[in-house]
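A.B. asks: Before I ask anything, here is the structure I am working with.
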Amino acid sequence: MFNENDCMTLAKISAFMPGAMIVYKNNDAEEIIFASDEIARIFECESVDDFMKFTGGSFATIVYPEDIEEVENIIRKQIASTGGYDYVTYRIITKNGNIKKIEDWGHFVHDPELGDIFYVYLHDMDIRERLTDLSGQTSLPEPKAAVIDELTGLANMRGFRLKAPNMIRDLFKRGGKPSCIYINIRNFHTYNETYGFAGGDRMLKSVARILVETFPKGLCARFSEDHFVIITAQEDLREKIRRLGIRINNLRRGVVVEMKAGIYEIKSPDMEISIICDCAKIACDSIKHEYGTNAQIYDGKMDEKVQLQEHIISSFESAMRNGQIQIYFQPVVDVKTGKTASVEALTRWEDTQYGRLAPANFLYVLEEQRLIHKLDSFVINKVCEELKRRKDNGGEMVPVSLNLSRLDFELTDVVRVIEDAVAKYDIPEDMLRFELTESLIAVDMDAMKRESERLRRHGFKVWMDAFGSGYSSLKVLKDFALDGLKIDMDMIRSVDDDRANIIISAVVDMARKLGIPALSKGVETQEQLAFLKKAGCDLAQGYLFGRPAPARGVK
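Residue numbers (my numbering): 255 to 809.
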């Protein structure tokens, strides 16, 4: 709970606000830890204490029961795409039994003492409507900088969310059939690295110009980096997108880029804009690995994917508590001796509704919804708990490797989480190794260098995972102090390729000269193992040595 001084400060700040303020925890109970006096008026209660008794002190119970599931899904999706902010409207039932409509502006933050919390401003929409009746205008126009992407001149995400609902309703009124198109420029990261940020900016401006020329009556927006969204009622979209793809792909100069587009045919003028965009993005993502396919219309089969995603989002915390999400371990062997040198911790989800969920089906969802740090914190603690169990029982202990996400460093102090778990279970620091992918490091190399140095100062090993899968591997090796290299599994699958053999041997030799071990993952055949021995690779991991298994199944 907030202390008395915190509550007094918030009460003073919120006393003269034209709405109510609440603060609640992002836990299962969604416990309200502060509410301003105005909340009592909105809910027709005698006091804040009366409001807390009426609602049970939970955010979940202040929302109209039929609205709560949709509201919480919208909030989760919005904070994932905006960096922690949400805006949603919903109904409430007052103590006197009246139904009101509320506007909710929220900010999701991580507090070192309180954990994950929401600061929320609530506004009674009845007051807005009465003011509109009096003045005919509710507010001044948004400042241009707040709704326009500075680089391209298109609408930004905020501008899109403000304009799109009205545009969609207007198109339906005029008999149009609006669609949402989600565009992703694949391999733009490489283009940026090759031609610099100035070259990348020029390309993005050209993409924006081509979009406006292709959809002159549409709403075109840039959401982030190389992601664009369009609302249009134009017909023959597939042909227009085909021509659009040709024009955008021709901007590539010497680097291969490919436009991918997902199309969602909007079903109703009242659909939530975040759901519309999500469906278009799902269609776009479904073809991201299909070379030569530049467009995909969202279809009914994709509804199953959306439902699965929503299930994952709503149930994963209870799955951790109930033991449905389990930690499996896969052995890493010494190539020379064949003995287990360490293990890698992996997650498996045995869901009561969907059965076994593959990591590929839920990890990316947790990443996109900015929830992955909770899973990784859970894994860290479970691994330490298992190591302590083995230590207490006199069993053999080997180091455990764990994967970290970029969001672990952004949404929480993951180094502190690790330190706390190690202290709680009294585990030696050299029993834990942390793997960082090159793509994670490349997002903010300076920041990740500081964090990796923090880990190493505390006695933990830091490895680079999937070496050779990206475009900055050698730069990372030059600038980072690493304790080991994991060679990307796609390389080891090509050991019958002379060129691949030369590259793998060179990577192993380079690691040896840097004084760090090389580990090849994805080893499935004796031929691959024989090659790795000949190349001098130190460690290997793959189905040849053992599949991931629960702790008691790993020797």
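Ideal Cβ placement from N, Cα and C applies to all residues, glycine included.
In this text, all values refer to a predicted model and were calculated from it rather than measured experimentally.
According to the Cβ coordinates, are residue 476 and residue 416 closer than 8 Å?
C.D. replies: Result no, Cβ atoms of residue 476 and residue 416 do not sit closer than 8 Å.
A.B. asks: Applying the 10 Å Cβ sphere with the 16-neighbour rule, what's the burial state of residue 236?
C.D. replies: The requested residue 236 is not part of the displayed model; the chain covers only 255 to 809.
A.B. asks: Specify, as a first and last residue, the run of the beta strand (DSSP E) that residue 402 falls within.
C.D. replies: No beta strand (DSSP E) contains residue 402, which DSSP labels as neither H nor E.
A.B. asks: Let's test the definition: count the other Cβ atoms within 10 Å of the Cβ of residue 319 and tell me whether it reaches 16, buried, or not, exposed.
C.D. replies: Counting Cβ neighbours within 10 Å, residue 319 comes out exposed, since fewer than 16 surround it.
A.B. asks: Distance, Cα to Cα, residue 762 vs residue 771?
C.D. replies: Each residue's Cα considered, the two are about 8 Å apart.
A.B. asks: Which residue comes first and which comes last in the alpha helix (DSSP H) that contains residue 627?
C.D. replies: First-last of the alpha helix (DSSP H) with residue 627: 626-646.
A.B. asks: Can you say whether residue 574 is buried or exposed, counting buried as having 16 or more other CB atoms within 10 angstroms of its CB?
C.D. replies: So residue 574 counts as buried.
A.B. asks: Return the residue from the list 805, 728, 591, 563 that minimises the CA-CA distance to residue 791.
C.D. replies: Per the Cα distances, 591.
A.B. asks: Within 10 angstroms of the Cβ of residue 524, are there 16 or more other Cβ atoms? Answer buried if so, exposed if not.
C.D. replies: Residue 524 should be labelled exposed.
A.B. asks: Hey, how far is the Cα of residue 253 from the Cα of residue 623?
C.D. replies: Because the chain spans 255 through 809 in this model, residue 253 falls outside it and cannot be assessed.
A.B. asks: Does the structure place the segment 565-579 close enough to the segment 627-634 that three or more beta carbon pairs sit under 8 Å?
C.D. replies: Short answer: they touch.
A.B. asks: From what residue to what residue does the beta strand (DSSP E) around residue 806 run?
C.D. replies: Note, residue 806: premise wrong, no beta strand (DSSP E); not H, not E.
A.B. asks: Alpha carbon to alpha carbon, how far is residue 633 from residue 601? Give it in angstroms, no decimals.
C.D. replies: Distance between the alpha carbons of residue 601 and residue 633: 8 Å.
A.B. asks: With H, G and I counted as helix, E and B as strand and the rest as coil, what does DSSP make of residue 782?
C.D. replies: Note: residue 782 maps to helix in three-state DSSP.
A.B. asks: Per the DSSP calculation, residue 354 is bridged to which residue(s)?
C.D. replies: According to DSSP, residue 354 bridges with 346.
A.B. asks: Exposed or buried, residue 585, counting other C-beta atoms within 10 Å across all chains shown (16 or more means buried)?
C.D. replies: Classification for residue 585: buried.
A.B. asks: Please name the residue or residues paired with residue 441 in a DSSP beta bridge.
C.D. replies: DSSP lists no partner for residue 441.
A.B. asks: Residues in its own chain within less than 7 Å of residue 355 by CB, not counting five upstream and five downstream?
C.D. replies: Result list for residue 355: 343, 345, 379, in chain order.
A.B. asks: For the putative contact between residue 274 and residue 293, defined by C-beta atoms under 8 Å, what is the C-beta separation to the nearest angstrom?
C.D. replies: 4 Å between Cβ atoms; contact.
A.B. asks: Whole beta strand (DSSP E) runs in the segment 644-714 with 3 or more residues, listed along the chain?
C.D. replies: Here the runs fully enclosed are 654-657, 686-691.
A.B. asks: State the start and end residues of the unbroken beta strand (DSSP E) segment that holds residue 482.
C.D. replies: Residues 481-486.
A.B. asks: With H, G and I counted as helix, E and B as strand and the rest as coil, what does DSSP make of residue 758?
C.D. replies: In this structure, residue 758 counts as helix in the three-state DSSP scheme.
A.B. asks: Kindly indicate which residue of 755, 455, 660, 648 has the alpha-carbon position closest to the one of residue 443.
C.D. replies: Minimum Cα distance to residue 443 is reached at 455.
A.B. asks: How would you label residue 712, buried or exposed, when you count the other beta carbons within 10 angstroms and need 16 or more for buried?
C.D. replies: By the 10 Å Cβ count, residue 712 comes out exposed.
A.B. asks: Measure from the alpha carbon of residue 349 to the alpha carbon of each residue in 307, 441, 365, then state which is nearest.
C.D. replies: It is 307.
A.B. asks: For residue 740, write down the residues that DSSP places opposite it in a beta bridge.
C.D. replies: Its beta-bridge partners are 773.
A.B. asks: Can you tell me which of the three DSSP states residue 601 falls into?
C.D. replies: Residue state, collapsed to three classes: strand.
A.B. asks: Is residue 433 helix, strand or coil when you go by DSSP?
C.D. replies: Three-state DSSP puts residue 433 in a strand.
A.B. asks: Secondary structure at residue 767, three-state DSSP: helix, strand or coil?
C.D. replies: It is helical.
A.B. asks: Quick one: residues in its chain with C-beta nearer than 8 Å to the C-beta of residue 646, no 5 flanking neighbours on either side, listed in chain order?
C.D. replies: The answer is none, since no qualifying residue turns up.
A.B. asks: Indicate whether residue 730 and residue 756 have their beta-carbon atoms separated by less than 8 Å.
C.D. replies: Cβ distance not < 8 Å, so residue 730 and residue 756 don't count as in contact.
A.B. asks: Here's the rule: buried if 16 or more other CB atoms are within 10 angstroms of the residue's CB, otherwise exposed. What is residue 552?
C.D. replies: Buried, since its Cβ has 16 or more Cβ neighbours within 10 Å.
A.B. asks: Just confirm the distance between the C-beta atoms of residue 654 and residue 641, as a whole number of angstroms; I'd bet it's less than 8 Å.
C.D. replies: About 7 Å; that satisfies the 8 Å criterion.
A.B. asks: Output the residue ranges of the alpha helix (DSSP H) runs that lie fully inside the segment 541-581 and measure 4 residues or longer, sorted by chain position.
C.D. replies: With a minimum length of 4 residues, the continuous alpha helix (DSSP H) runs that stay inside the segment 541-581 are 554-575.
A.B. asks: Assuming residue 477 is part of the alpha helix (DSSP H), what are its boundary residues?
C.D. replies: Run containing residue 477: none in the alpha helix (DSSP H); it sits in the beta strand (DSSP E), 473-478.
A.B. asks: Would DSSP call residue 515 helix, strand or coil?
C.D. replies: Strand.
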